[in-house]
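So the structure is just underneath, and the comments pick up after that.
There are 2 protein chains.
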Amino acid sequence: MADAEAPTSTANAPLADAIALVAGEVDRRFDTLLAIPDDPRADLYRAMRHAAIGGGKRLRPLLTMATADLFGVSRECSLLVGTAIEAIHVYSLIHDDLPAMDDDDMRRGKPTVHKVFGEAAAILAGDCLHALAFEVLADPDTHPDPFVRAELVLDLSRAAGPSGMAGGQMMDLEAEKARFDLATVTRLQQMKTGALISAAVEAGVILGRVAPEGRRSLRGYAHDLGLAFQIADDLLDAEGDEALVGKALRKDAGAGKETFLSLLGVDRAREQCRMLVDQAVEHLHAYGREADLLRAVARYVVDRDR
Amino acid sequence: MADAEAPTSTANAPLADAIALVAGEVDRRFDTLLAIPDDPRADLYRAMRHAAIGGGKRLRPLLTMATADLFGVSRECSLLVGTAIEAIHVYSLIHDDLPAMDDDDMRRGKPTVHKVFGEAAAILAGDCLHALAFEVLADPDTHPDPFVRAELVLDLSRAAGPSGMAGGQMMDLEAEKARFDLATVTRLQQMKTGALISAAVEAGVILGRVAPEGRRSLRGYAHDLGLAFQIADDLLDAEGDEALVGKALRKDAGAGKETFLSLLGVDRAREQCRMLVDQAVEHLHAYGREADLLRAVARYVVDRDR
Numbered sequence: 152m153a154d155a156e157a158p159t160s161t162a163n164a165p166l167a168d169a170i171a172l173v174a175g176e177v178d179r180r181f182d183t184l185l186a187i188p189d190d191p192r193a194d195l196y197r198a199m200r201h202a203a204i205g206g207g208k209r210l211r212p213l214l215t216m217a218t219a220d221l222f223g224v225s226r227e228c229s230l231l232v233g234t235a236i237e238a239i240h241v242y243s244l245i246h247d248d249l250p251a252m253d254d255d256d257m258r259r260g261k262p263t264v265h266k267v268f269g270e271a272a273a274i275l276a277g278d279c280l281h282a283l284a285f286e287v288l289a290d291p292d293t294h295p296d297p298f299v300r301a302e303l304v305l306d307l308s309r310a311a312g313p314s315g316m317a318g319g320q321m322m323d324l325e326a327e328k329a330r331f332d333l334a335t336v337t338r339l340q341q342m343k344t345g346a347l348i349s350a351a352v353e354a355g356v357i358l359g360r361v362a363p364e365g366r367r368s369l370r371g372y373a374h375d376l377g378l379a380f381q382i383a384d385d386l387l388d389a390e391g392d393e394a395l396v397g398k399a400l401r402k403d404a405g406a407g408k409e410t411f412l413s414l415l416g417v418d419r420a421r422e423q424c425r426m427l428v429d430q431a432v433e434h435l436h437a438y439g440r441e442a443d444l445l446r447a448v449a450r451y452v453v454d455r456d457r
Numbered sequence: 152m153a154d155a156e157a158p159t160s161t162a163n164a165p166l167a168d169a170i171a172l173v174a175g176e177v178d179r180r181f182d183t184l185l186a187i188p189d190d191p192r193a194d195l196y197r198a199m200r201h202a203a204i205g206g207g208k209r210l211r212p213l214l215t216m217a218t219a220d221l222f223g224v225s226r227e228c229s230l231l232v233g234t235a236i237e238a239i240h241v242y243s244l245i246h247d248d249l250p251a252m253d254d255d256d257m258r259r260g261k262p263t264v265h266k267v268f269g270e271a272a273a274i275l276a277g278d279c280l281h282a283l284a285f286e287v288l289a290d291p292d293t294h295p296d297p298f299v300r301a302e303l304v305l306d307l308s309r310a311a312g313p314s315g316m317a318g319g320q321m322m323d324l325e326a327e328k329a330r331f332d333l334a335t336v337t338r339l340q341q342m343k344t345g346a347l348i349s350a351a352v353e354a355g356v357i358l359g360r361v362a363p364e365g366r367r368s369l370r371g372y373a374h375d376l377g378l379a380f381q382i383a384d385d386l387l388d389a390e391g392d393e394a395l396v397g398k399a400l401r402k403d404a405g406a407g408k409e410t411f412l413s414l415l416g417v418d419r420a421r422e423q424c425r426m427l428v429d430q431a432v433e434h435l436h437a438y439g440r441e442a443d444l445l446r447a448v449a450r451y452v453v454d455r456d457r
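The structure is reproduced here in structure tokens:
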């Protein structure tokens, strides 16, 4: 990639710069998308903005954009698609934090949406971000080819629904009542967290119009990364610093849920996480330096402190 | 339309038969779509089935199918799209009934989802039906043309989001705290109820690949029908029979909300509703007997007792 392109491409930038760049771009997109109207819906938009703007690692848009960069996709386009995927992620955080679900007071270092705006506005803010994500993906301004738009919607709706994120969250709620084995916990986490991470990479692949045979390696990368990410999350829950992570920790053990940690122990869980990251990186062997950002993201996942 | 087609077409069947036919077809679709898996998500699927199967007037799929029938669209296709729109409607009912929202115990003559399955499952069942709707619309098995699929997603996501149904529900919650005038109540109801009714008709128009100039009359029909439907709903809330309607009534007055009824009074509200139905029917003047079902739906809306 030419040096002249450096300021608008994450491909060769160090990871911290890439994260900061994407975070700023996603924030600006949400700022436009969620402009507060001068009518009785103002609090609804404030609630969406509270959750969507100025927080989070933006891992999913980063994955979409870094993957799309491999295939020379316009960054304006991959940013819009990444923002839509982040909207799905943010909606799920709002609903998961509700008193009837995980009952969390803090998220990304701020009070959760229902704590500030009430439960009704939180439910509706989540619902609205969910619908907005599909509106962005289906909008001709996001991508000129309807085939690509329809494929993106299919990718994301499957990852968000009962066979993906929301189904995984249901299994997670059941985990407090049942005793899951490692296979079931793995499936649960692949649905709850892995599906959307995979969809974020797949979105980059769809935008890049990659032929089916070329998709396998990036799917393998996304699959292993998603699982590694969740194990790292479990480790953070057990060993992390609440001030850094920005939410309440040590909740898994208190709820008596089986997790990777309870089933494997800290040492084996960390080893498993490292192994999955190595595997994820190995899937990228056919790519050169242009995939360094995806490699760096995988390494970051296991070493992060938030 | 040829007599030979009568058993599979609603176009010339009396309204009650058409409603029963569509209701049975939508139920069968949901039964397939929501087959209960043998894993910890079983209750999530039971919750979705409880809300989606065996109840409701199925007005929205009926509108999609009756509109699509005007243009010779395959009924298998319009049924799938109608079912997706009904999934959006059902998800909104589940969330609106939650304790933090309208706090309703009964819906369609049955206990509400959160009463039977708990609040967490109710929130997730709504979220899943929301995602499933877009999955159905974006699926190549629903329609072979990606342009049509993307247009359907755009139509529905706009109708469901902050400028449509969910935005209207937020305004409705604010209505308990503010004193809305007739213009604001009209806008609220056009968003909360009208947007999805319009989207259901528009979906039939999209499936029929109707040129822009041909869409105006059906849009006018949908717009007036949506408003008439909501005024009729307000009248039912004030005068209806709870056993027939299948949910708690007289809630608007108790909450001190301004509605069409509180602002217009019963007589002028009923007159306004009749006028809107006449206007809706008038929009169909260019169509012959093939639009009789759409006319019958409009007449039914003002005279219904549930």
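Chains as they are written, first to last, in our numbering: chain A, 152 to 457; chain B, 152 to 457.
Beta carbons: idealized from backbone N, C-alpha and C, even for Gly.
query: Residue-level contact to chain A via CB, histidine 281 of chain B, 8 angstroms cutoff; result: yes
query: Histidine 294 of chain A, buried or exposed, once every other Cβ within 10 Å from all chains shown has been counted against 16; result: buried
query: For threonine 183 of chain B, the first and last residue of its enclosing alpha helix (DSSP H); result: 166–184
query: From A:Lys208, A:Ala282, A:Pro188, A:Asp429, residue whose alpha carbon lies closest to that of leucine 166 of chain A; result: A:Lys208
query: Contacting residues, own chain, Cβ-Cβ under 8 angstroms from aspartate 178 of chain B (five flanking each side not counted); result: Ile204, Gly205
query: Residues of the segment 289–322 of chain A whose Cβ lies closer than 7 angstroms to any Cβ of chain B, in chain order; result: Ala289, Asp290, Pro297, Phe298, Arg300, Ala301, Val304, Leu305, Ser308, Arg309, Ala311, Gly312, Pro313, Ala317, Gly318, Gln320, Met321, Met322
query: 8 angstroms Cβ cutoff met for leucine 339 of chain A and methionine 322 of chain A; result: yes
query: Proximity test, Cβ basis, 8 angstroms: proline 158 of chain B and chain A; result: In this predicted model, proline 158 of chain B has a pLDDT of only 42, less than 50, meaning its place in the structure is not dependable enough to derive any value.
query: Buried or exposed (CB count within 10 angstroms, at least 16 for buried), alanine 350 of chain B; result: buried
query: Alpha-carbon spacing of valine 336 of chain A relative to leucine 184 of chain B, whole angstroms; result: 25 angstroms
query: The segment 357–375 of chain A / the segment 393–410 of chain A touching (three or more Cβ pairs under 8 angstroms); result: no
query: C-alpha distance - isoleucine 274 of chain A paired with aspartate 254 of chain B, whole-angstrom precision; result: 13 angstroms
query: Within the segment 388–447 of chain B, ranges of the beta strand (DSSP E) (whole runs, at least 3 residues); result: none
query: Boundaries of the alpha helix (DSSP H) in which alanine 193 of chain A is found, first to last residue; result: 193–203
query: Residue from B:Arg440, B:Val453, B:Arg457 with nearest C-alpha to threonine 218 of chain B; result: B:Arg440
query: Alpha carbon of valine 448 of chain B to alpha carbon of arginine 366 of chain B, nearest angstrom; result: 19 angstroms
query: Three-state class that DSSP yields for methionine 257 of chain A in the structure shown; result: strand
query: Delimiting residues of the alpha helix (DSSP H) encompassing lysine 266 of chain B; result: 264–268
query: Residue burial classification, aspartate 403 of chain B (beta-carbon count within 10 angstroms, cutoff 16); result: buried
query: Short-range partners of chain A found in the segment 265–281 of chain B, where Cβ spacing is below 9 angstroms; result: His265, Gly269, Glu270, Ala271, Ala272, Ala273, Ile274, Leu275, Ala276, Gly277, Asp278, Cys279, Leu280, His281
query: Glycine 277 of chain A (DSSP reduced to helix, strand or coil); result: helix
query: Cutoff 7 angstroms; reference serine 413 of chain A; Cβ partners in own chain excluding five residues on either side; result: none
query: Buried versus exposed, by CB contacts within 10 Å (16 or more), proline 313 of chain B; result: buried
query: Residue range of the alpha helix (DSSP H) that includes aspartate 220 of chain B; result: 210–220
query: Limits of the unbroken alpha helix (DSSP H) element including isoleucine 357 of chain A; result: 346–358
query: Closer than 8 angstroms to chain A by CB, alanine 238 of chain B; result: no
query: Span separating the alpha-carbon of leucine 386 of chain A from that of isoleucine 348 of chain A; result: 19 angstroms
query: DSSP three-state assignment for threonine 159 of chain A, whether helix, strand or coil; result: For threonine 159 of chain A, the pLDDT reaches just 46, beneath the cut-off of 50, and the residue's location in the model is therefore unreliable, although a value from the coordinates is still provided. Helix, per DSSP.
query: Chain A within 8 angstroms of glycine 246 of chain B, Cβ atoms only; result: Here residue 246 of chain B turns out to be histidine, not glycine, going by the sequence shown. Judged by the 8 angstroms Cβ criterion, histidine 246 of chain B is in contact with chain A.
query: Residue closest to glutamate 237 of chain B, alpha-carbon to alpha-carbon, out of B:Ile187, B:Phe181, B:Gly223, B:Asp194; result: B:Phe181
query: Proximal residues of chain A, C-beta to C-beta of glutamate 286 of chain B below 7 angstroms; result: Leu305, Ser308, Arg309, Gly312
query: is_contact[proline 165 of chain B, chain A] using C-beta, thresh 8 angstroms; result: no
query: Chain-ordered neighbours of proline 262 of chain B on chain A, where CB pairs are closer than 7 angstroms; result: Near proline 262 of chain B there are no residues of chain A at all, since even the closest Cβ is about 17 angstroms away, more than 7 angstroms.
query: Other residues of its chain near alanine 235 of chain B: CB distance less than 6 angstroms, five sequence neighbours each side excluded; result: Ala284, Val287, Leu288
query: Min CB distance alanine 251 of chain A to chain B below 8 angstroms; result: yes
query: Interface residues of the segment 181–205 of chain B facing chain A [CB-CB below 8 angstroms]; result: Asp190, Pro191, Arg192, Asp194, Leu195, Tyr196, Met199
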